[in-house]
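Structure record follows, encoded as structure tokens.
Chains as they are written, first to last, in the working numbering: chain A, 2 to 237; chain B, 2 to 237.
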């Protein structure tokens, strides 16, 4: 079965967490909105007058008859189907819990450059962004990174959720990549305190399918429209 | 089995979404931190030096050997165990998707009074709160409420996720209650445009177990420390 991923065509954004899972699992998928006319196809789903299980926002994934919305929900679905989450109930709940905590972190990352309104320009909330980014780097990044470093330290396997790679490991790779892009100066300092997370990042980057993906045109480069943005004035 | 809910004892907060599910399901549970010495018991879990499946923050639920964190994850677990989510994979994914969208809404509600930093006082981010609340009431509330109203309109049952009550219905009840407390003036205006959501709220409030709970001391009243806070200057 060919999956259809629907997401904004010009950014990594939340779609990237889904792409990484689709790639690691070696699935056949189409990144719909990146094809000619595909963005209109995405809008048609969102504005459908009949679809009962309407997604609130991209990303959403069409899998046969299923139309699944919400990034962490898609990851749970793909994880179960492709062996990227443990099969036990306890293992699934723990994996999903980690994924949800990563998603919380991601919202806070986004809000460093959009603390007042996601529909406004950064330039119109620059002063507030400085305040938010300051608090973020001082209080929130250390709290989140230390949490995941602790989880890694207690799970001897070198992966977050279980004895082998699962979706939160892929997502954490993306978080580290993104933080390096957005906050290079601050991140150099943080990385000294979370060597296990850095090692996890490197381990994921070396996975053959992930390495091939990162070198392909399917990987959209980081840019100033996505969730991770580099503004020098926000970087500590 | 007696569940143990761990959450801050003085607020409804995220814990309330779990309490509503525990109450509707008629479960036996302890609200640990509201008992004498219970808050220290909660901190002991969070600061445990050995717990492998460490929660990032309250709420978390102890269910036998499981320690489950993240509100939506707990709701999925309880929903499956107590018939508060559909049993099919498709039904579960859709229900969880709705729950996750409600959780996204809740973050934005919280951030109206904490746009700069969750660890700072409201008084120290009052100016920014006004800007954020303005954008929230103008753009975000209509978008979210209209989305859920549309979902209700397409599901003829009068419930959000399926043919009968599921966890998102309980959560949406709490959202409506909370918005009425926090933004009474704006909410009067909004409610005219989402009669189905108001009817859902009323239907949930009339459920015998929910009605009994709301009249009990187990229900913590809304206050100025929780996620939903009433600041006159933010209410449109």
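Where a beta carbon is used, it is the ideal one built from N, C-alpha and C, also for glycine.
Pairwise C-alpha distance: residue j and residue i
i: residue 11 of chain A; j: residue 222 of chain A; result: 9 Å
i: residue 147 of chain A; j: residue 55 of chain B; result: 12 Å
i: residue 115 of chain B; j: residue 184 of chain A; result: 22 Å
i: residue 227 of chain A; j: residue 18 of chain A; result: 13 Å
i: residue 86 of chain B; j: residue 74 of chain A; result: 15 Å
i: residue 162 of chain A; j: residue 97 of chain B; result: 21 Å
i: residue 58 of chain B; j: residue 48 of chain B; result: 11 Å
i: residue 136 of chain B; j: residue 130 of chain B; result: 10 Å
i: residue 191 of chain B; j: residue 237 of chain B; result: 12 Å
i: residue 101 of chain A; j: residue 61 of chain B; result: 13 Å
i: residue 224 of chain B; j: residue 230 of chain B; result: 6 Å
i: residue 174 of chain A; j: residue 202 of chain A; result: 5 Å
i: residue 38 of chain B; j: residue 152 of chain B; result: 43 Å
i: residue 13 of chain B; j: residue 9 of chain A; result: 36 Å
i: residue 6 of chain B; j: residue 78 of chain B; result: 13 Å
i: residue 150 of chain A; j: residue 197 of chain A; result: 6 Å
i: residue 30 of chain B; j: residue 105 of chain A; result: 27 Å
i: residue 140 of chain A; j: residue 181 of chain B; result: 32 Å
i: residue 36 of chain B; j: residue 179 of chain B; result: 25 Å
i: residue 107 of chain B; j: residue 4 of chain A; result: 31 Å
i: residue 122 of chain B; j: residue 109 of chain B; result: 17 Å
i: residue 99 of chain A; j: residue 125 of chain A; result: 34 Å
i: residue 169 of chain B; j: residue 95 of chain B; result: 10 Å
i: residue 134 of chain A; j: residue 120 of chain B; result: 13 Å
i: residue 68 of chain A; j: residue 91 of chain B; result: 9 Å
i: residue 83 of chain A; j: residue 171 of chain A; result: 14 Å
i: residue 50 of chain B; j: residue 154 of chain A; result: 11 Å
Proximal residues of chain A, C-beta to C-beta of residue i below 8 Å
i: residue 148 of chain B; result: 55 and 57
i: residue 34 of chain B; result: By Cβ distance, chain A contributes nothing, its closest Cβ being about 19 Å from residue 34 of chain B, past 8 Å.
i: residue 28 of chain B; result: Within 8 Å Cβ-Cβ: nothing; residue 28 of chain B doesn't reach chain A, min ~17 Å.
Contacts of residue i in chain B (Cβ-Cβ under 8 Å)
i: residue 155 of chain A; result: 51, 52, 53 and 55
i: residue 121 of chain A; result: 136
i: residue 129 of chain A; result: 116, 117, 129 and 132
Secondary structure of residue i, DSSP reduced to three states
i: residue 79 of chain B; result: helix
i: residue 33 of chain A; result: helix
i: residue 139 of chain B; result: helix
i: residue 211 of chain B; result: helix
i: residue 68 of chain A; result: strand
i: residue 94 of chain B; result: helix
i: residue 194 of chain B; result: coil
i: residue 148 of chain B; result: helix
i: residue 4 of chain B; result: strand
i: residue 106 of chain B; result: helix
i: residue 157 of chain B; result: coil
i: residue 180 of chain B; result: helix
i: residue 62 of chain A; result: strand
i: residue 22 of chain B; result: helix
i: residue 50 of chain B; result: coil
i: residue 132 of chain A; result: helix
i: residue 123 of chain B; result: helix
i: residue 233 of chain B; result: helix
i: residue 57 of chain A; result: coil
i: residue 45 of chain A; result: helix
i: residue 173 of chain A; result: helix
i: residue 100 of chain B; result: helix
i: residue 185 of chain A; result: helix
i: residue 205 of chain A; result: helix
i: residue 39 of chain A; result: helix
Contact set between residue i and chain B, taken where Cβ atoms lie within less than 9 Å
i: residue 118 of chain A; result: 132, 133, 135, 136, 137, 139, 140 and 141
i: residue 45 of chain A; result: Result: empty, since nearest Cβ-Cβ is about 16 Å, beyond 9 Å.
Residue-level contact to chain E via CB, residue i, 7 Å cutoff
i: residue 48 of chain A; result: This model lacks chain E altogether, as its protein chains are A and B.
Nearest-angstrom Cβ-Cβ length linking residue i and residue j, presumed shorter than 8 Å
i: residue 80 of chain A; j: residue 167 of chain A; result: 7 Å
i: residue 204 of chain B; j: residue 164 of chain B; result: With 8 Å as the limit, residue 204 of chain B and residue 164 of chain B do not qualify as a contact, their Cβ atoms being about 14 Å apart.
i: residue 53 of chain B; j: residue 156 of chain A; result: 6 Å
i: residue 32 of chain B; j: residue 219 of chain B; result: 7 Å
i: residue 176 of chain B; j: residue 103 of chain B; result: 6 Å
i: residue 64 of chain A; j: residue 2 of chain A; result: 7 Å
i: residue 22 of chain A; j: residue 76 of chain A; result: 6 Å
Contacts that residue i makes with chain A (C-beta to C-beta distance below 9 Å)
i: residue 86 of chain B; result: Simply none; closest approach about 13 Å.
Chain B contact residues for residue i, given Cβ-Cβ distances below 7 Å
i: residue 91 of chain A; result: 67
Amino acids of chain A, ordered along the chain, whose beta-carbon sits closer than 7 Å to that of residue i
i: residue 152 of chain B; result: 55
Short-range partners of chain B found in the region 62-82 of chain A, where Cβ spacing is below 8 Å: Listed in sequence order: 66, 67, 69, 70, 71, 73, 74, 77 and 78.
Select from the region 162-185 of chain A all residues with a C-beta closer than 8 Å to any C-beta belonging to chain B, and list them in chain order. If the cut-off is 8 Å between Cβ atoms, the region 162-185 of chain A has nothing near chain B.
Near-chain A residues of the region 95-113 of chain B (beta-carbon distance less than 8 Å), N- to C-terminal order: So the close ones are 95, 97, 98, 101, 102, 105, 108 and 112.
Select from the region 14-26 of chain B all residues with a C-beta closer than 7 Å to any C-beta belonging to chain A, and list them in chain order. Of all residues in the region 14-26 of chain B, none comes within less than 7 Å of chain A when Cβ atoms are compared.
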